[in-house]
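These notes are about the structure you will find just below.
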Amino acid sequence: MNQRQDVLHVEEIQSVINETHQGDRDQEILDSWRRCINVHELNPFEKRSAYILPEEHLREHVDEAEDLLRTARFGLETLYQEIVGHNYVVLLTNSQGVTLDYLCDPDKESDFRKAGLYLGAEWLEEKVGTNGIGACIYTGKPITVHKTDHFHASHISLTCTAAPIYDPFGNLAAVLDVSALQAPRSKNSQSFAQQLVSIWASRIEMAALINNYKSEWLVTFSKSSVFLEIAPDYAISLNSSGRITGMTSKALALLNPEKGNHHGNEVLNELLSDYFELRMEELPMMNRNMPVHKRLVRMHKGETYFISAIQTRQPVRNTLGDTPYKAYGVLHGDDKRMESIARKLDKLVEAEVNILLQGETGTGKEFLAKYIHGLRRVPGPFIAINCAAIPENLIESELFGYENGAFTGARAKGKIGLIEQANGGILFLDEIGDMPLNLQARLLRVLAEKEVMRIGSSKTKQIDIRVICASHRNLRELVEAGEFREDLYYRVAGITFTMPALREREDLKWLINRILAKQHKGQKESVTTISEEAEEVLLQYEWPGNIRQLENVLELAKLLGEGHINVSDLPEEIQFGGKSQSDPSRTFTTTSEQDSESISLYDLLEEMNWNISAVSKRMGCDRKTIYRHMKKAGISVKRLSQQWTENMN
Numbered sequence: 006m007n008q009r010q011d012v013l014h015v016e017e018i019q020s021v022i023n024e025t026h027q028g029d030r031d032q033e034i035l036d037s038w039r040r041c042i043n044v045h046e047l048n049p050f051e052k053r054s055a056y057i058l059p060e061e062h063l064r065e066h067v068d069e070a071e072d073l074l075r076t077a078r079f080g081l082e083t084l085y086q087e088i089v090g091h092n093y094v095v096l097l098t099n100s101q102g103v104t105l106d107y108l109c110d111p112d113k114e115s116d117f118r119k120a121g122l123y124l125g126a127e128w129l130e131e132k133v134g135t136n137g138i139g140a141c142i143y144t145g146k147p148i149t150v151h152k153t154d155h156f157h158a159s160h161i162s163l164t165c166t167a168a169p170i171y172d173p174f175g176n177l178a179a180v181l182d183v184s185a186l187q188a189p190r191s192k193n194s195q196s197f198a199q200q201l202v203s204i205w206a207s208r209i210e211m212a213a214l215i216n217n218y219k220s221e222w223l224v225t226f227s228k229s230s231v232f233l234e235i236a237p238d239y240a241i242s243l244n245s246s247g248r249i250t251g252m253t254s255k256a257l258a259l260l261n262p263e264k265g266n267h268h269g270n271e272v273l274n275e276l277l278s279d280y281f282e283l284r285m286e287e288l289p290m291m292n293r294n295m296p297v298h299k300r301l302v303r304m305h306k307g308e309t310y311f312i313s314a315i316q317t318r319q320p321v322r323n324t325l326g327d328t329p330y331k332a333y334g335v336l337h338g339d340d341k342r343m344e345s346i347a348r349k350l351d352k353l354v355e356a357e358v359n360i361l362l363q364g365e366t367g368t369g370k371e372f373l374a375k376y377i378h379g380l381r382r383v384p385g386p387f388i389a390i391n392c393a394a395i396p397e398n399l400i401e402s403e404l405f406g407y408e409n410g411a412f413t414g415a416r417a418k419g420k421i422g423l424i425e426q427a428n429g430g431i432l433f434l435d436e437i438g439d440m441p442l443n444l445q446a447r448l449l450r451v452l453a454e455k456e457v458m459r460i461g462s463s464k465t466k467q468i469d470i471r472v473i474c475a476s477h478r479n480l481r482e483l484v485e486a487g488e489f490r491e492d493l494y495y496r497v498a499g500i501t502f503t504m505p506a507l508r509e510r511e512d513l514k515w516l517i518n519r520i521l522a523k524q525h526k527g528q529k530e531s532v533t534t535i536s537e538e539a540e541e542v543l544l545q546y547e548w549p550g551n552i553r554q555l556e557n558v559l560e561l562a563k564l565l566g567e568g569h570i571n572v573s574d575l576p577e578e579i580q581f582g583g584k585s586q587s588d589p590s591r592t593f594t595t596t597s598e599q600d601s602e603s604i605s606l607y608d609l610l611e612e613m614n615w616n617i618s619a620v621s622k623r624m625g626c627d628r629k630t631i632y633r634h635m636k637k638a639g640i641s642v643k644r645l646s647q648q649w650t651e652n653m654n
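What follows is the structure, given as structure tokens:
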């Protein structure tokens, strides 16, 4: 390309920025040019070549992707054989745009290397402008960047066709690319190349999913019964309880069509039955022994697919890295502390280790406990009890159960306690720091002997439970103060995880989007969106009530915003950094001091299931003070016993 052509190319790019462009460029190319100027601040007059990483840095990238490279190698070789003789090079990059593997004609290797189509070359859009690999990474979609589509004139002789490869959790793992030095003038000539690249990217995804989850269920489904067994359209992996642990990108787009790729977190750990009219116990029948026409399954949204289920019990290493990934996406977006918890949990999920969860109220301790339950290979019940919310005179009967006639008011047929109900599963004891000392001794015996005795009985029953305890109070300090048994502490704290406060988390933006998607589930209207200004206000707020407060704020804002949340839809205390505009000394807006006291006390009573002892501990005062404030606020005392009277009758 001569200097005059270079100038014309730059002028065309400038016309796009000036909104005067009249050519027939694809929209995705025009969007990339705009990003190069407005976002990446690149100069189209510069002639940039791809940067080649030093060998030691390249080795780090290769080591991180060792298993992916092993899985993808056959795909690269087969793809190359299909295009050999057409002057193409096949490249595989990671999600950072670094070329980790390539295949080309040895006679043309020197020419490809000069063009940057070589091992170690970095093709990020922000570094070298519009190109196939960089644009594919940015958009997450297949793309062809042909000759003058490139941003820098130094790349105009190239044509690049790229397709993304996603890991089983919806994250971009790699890019598969075929590039040529001197391609035909017409961009349409590359349509066949794009089809081939997309097909092999999908096949590599499928291979990664199969190899990564051989020890679990692999479910494939397709619109065609003919191609179901040989080239299925979609694939997901499940654990033994029917929860989704991985999927191909096409399956993710099918299950979550409104978000598609990059949102695997919203599908991971969901039940298969959340999407298909198929129970987990029916899955083993959906194999090749059943005629394919009988394996037609309907999705809840109405579409039907032929399905095939396979279970291989021989465990194998992960193919996208030695570190298990299946826990990461569900727990967090990109938070280092939550990632550390996820890594440890994945190693301990099947171990007989009791877990203690510490952290402020509302940080998601019960969610984490339920998540651990969902990861277990042997399904069992999840039984939760809030030790601070149950009156002291009832907590023993709730936990241990009782026999007929054990005490006045007992049910005629007795009652199975929560510990027995959790047999074979998980017992979650929330706010265990509020458990009375006498019951701590009984719980210690249950954990030590693996047996339970009902109130009024002389017989014990063997149980198999895993206990997860949680508390917003520091149990170690309670032990030192004599308020919690030291022997029980060491029994329940096999390993301790401290949940970070919401203000400390690095993935708040991800949490906001996840909560909005969760609140939308099952509703017909479109997912609620949020303005950049409102999102920034939420990101700057301190969140003393943590995730629970965030959920409540978003639920209210969603109702007020009617589909789109603006700053004005947020509570005043959020808008103004924690204090209302009308009264900087309070975090709520009311017409009188008595009304504000009534509202806050009533909310706290509701939160604690009307347990006066729990409320008094939270408020730091005695029970008489709570009753006095209830009377002053006009809150009826009769409401106190309703919650637990129902359980006793």
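Under the numbering used here, the residue at position 78 of the sequence shown is numbered 83, and the numbers go up by one with no gaps. Every residue gets a Cβ at the ideal spot worked out from N, C-alpha and C, and that includes glycine.
Residue 5, DSSP secondary structure in three states:
No answer is possible for residue 5: it lies beyond the span of the chain, which begins at 6 and ends at 654.
Name, in chain order, the residues that DSSP records as bridge partners for residue 252.
241
Would you report the Cα separation of residue 285 and residue 305, rounded to the nearest angstrom?
15 angstroms
Just to confirm, is the Cβ distance from residue 520 to residue 543 under 8 angstroms?
no
Please check the pair residue 137 and residue 166, which I expect to be a contact at CB under 8 angstroms, by giving their CB distance rounded to whole angstroms.
6 angstroms
Extent of the continuous beta strand (DSSP E) to which residue 466 belongs:
465-467
CA-to-CA distance, residue 297 to residue 222, given in whole angstroms:
18 angstroms
Would you identify the three-state DSSP class for residue 363, choosing helix, strand or coil?
strand
Delimiting residues of the alpha helix (DSSP H) encompassing residue 78
71-88
Since residue 367 and residue 235 are thought to touch, with beta carbons under 8 angstroms apart, how far apart are those beta carbons, to the nearest angstrom?
Not confirmed; about 50 angstroms, so no contact.
Would you give the residue range spanned by the beta strand (DSSP E) that residue 50 belongs to?
Taken as a continuous stretch (DSSP letters only), residue 50 belongs to no beta strand (DSSP E), as it is neither H nor E.
Which residue's Cα is closest to the Cα of residue 504: 563, 343, 484, 559?
343
Start-to-end residues for the beta strand (DSSP E) that takes in residue 165
164-171
Alpha carbon to alpha carbon, what distance is there between residue 68 and residue 423?
49 angstroms
Check whether the region 116-132 and the region 13-28 are in contact - that is, three or more C-beta pairs closer than 8 angstroms.
no
C-beta atoms of residue 76 and residue 168 nearer than 8 angstroms
no
Considering only C-alpha positions, which residue in the set 25, 149, 182, 254 is nearest to residue 103?
182
Which stretch, first to last residue, makes up the beta strand (DSSP E) that contains residue 38?
First-last for residue 38: 32-39, but that is the alpha helix (DSSP H), not the beta strand (DSSP E).
For the alpha helix (DSSP H) that contains residue 533, what are its first and last residues?
Premise fails: residue 533 is in no alpha helix (DSSP H) and is neither H nor E.
May I have the straight-line CA-CA distance separating residue 231 from residue 375, to the nearest angstrom?
40 angstroms
From the DSSP secondary-structure annotation, give me the bridge partner or partners of residue 127.
56, 103
Contacting residues, own chain, Cβ-Cβ under 7 angstroms from residue 493 (five flanking each side not counted):
445, 448, 449
Assuming residue 408 and residue 457 are in contact, meaning their beta carbons sit under 8 angstroms apart, how far apart are those beta carbons, in whole angstroms?
That belief does not hold up - the Cβ atoms of residue 408 and residue 457 are roughly 13 angstroms apart, past 8 angstroms.
Return the residue from the list 571, 517, 537 that minimises the CA-CA distance to residue 557.
517
Does the structure place the region 505-516 close enough to the region 337-351 that three or more beta carbon pairs sit under 8 angstroms?
yes
Using CA atoms only, rank isn't needed, just tell me which of 87, 59, 40, 483 is closest to residue 204.
87
Cβ-Cβ separation, residue 429 to residue 2 (assumed contact under 8 angstroms), whole Å
Nothing can be reported for residue 2: it is not among the residues displayed for the chain, which extend from 6 to 654.
Is residue 597 buried or exposed, if buried means 16 or more other CB atoms sit within 10 Å of its CB?
Interpretation of residue 597 is limited by its pLDDT of 39, a score under 50 that renders its predicted location unreliable; the figure taken from the coordinates is listed afterwards. With fewer than 16 Cβ atoms within 10 Å of its Cβ, residue 597 is classed as exposed.
If contacts are defined as beta-carbon pairs under 8 angstroms, then residue 250 and residue 240 qualify, I think. What distance do you get, rounded to the angstrom?
About 12 angstroms separates the two Cβ atoms, so there is no contact after all.
C-beta contact flag for residue 500 and residue 536 at 8 angstroms
no
Reference residue 433, options 455, 442, 472, closest by Cα:
472
Just to confirm the assignment, what range does the alpha helix (DSSP H) spanning residue 578 have?
577-580
Quick check on the burial criterion: 16 or more other C-beta atoms within 10 angstroms. Buried or exposed for residue 229?
exposed
Residue 105 beta carbon less than 8 angstroms from that of residue 70:
yes
Could you give the C-beta distance for residue 171 and residue 163, rounded to a whole number, given that I count them as a contact under 8 angstroms?
At roughly 25 angstroms, the Cβ-Cβ gap does not stay under 8 angstroms, so residue 171 and residue 163 are not in contact.
Out of 35, 30, 31, state which residue places its alpha-carbon closest to the alpha-carbon of residue 22.
35
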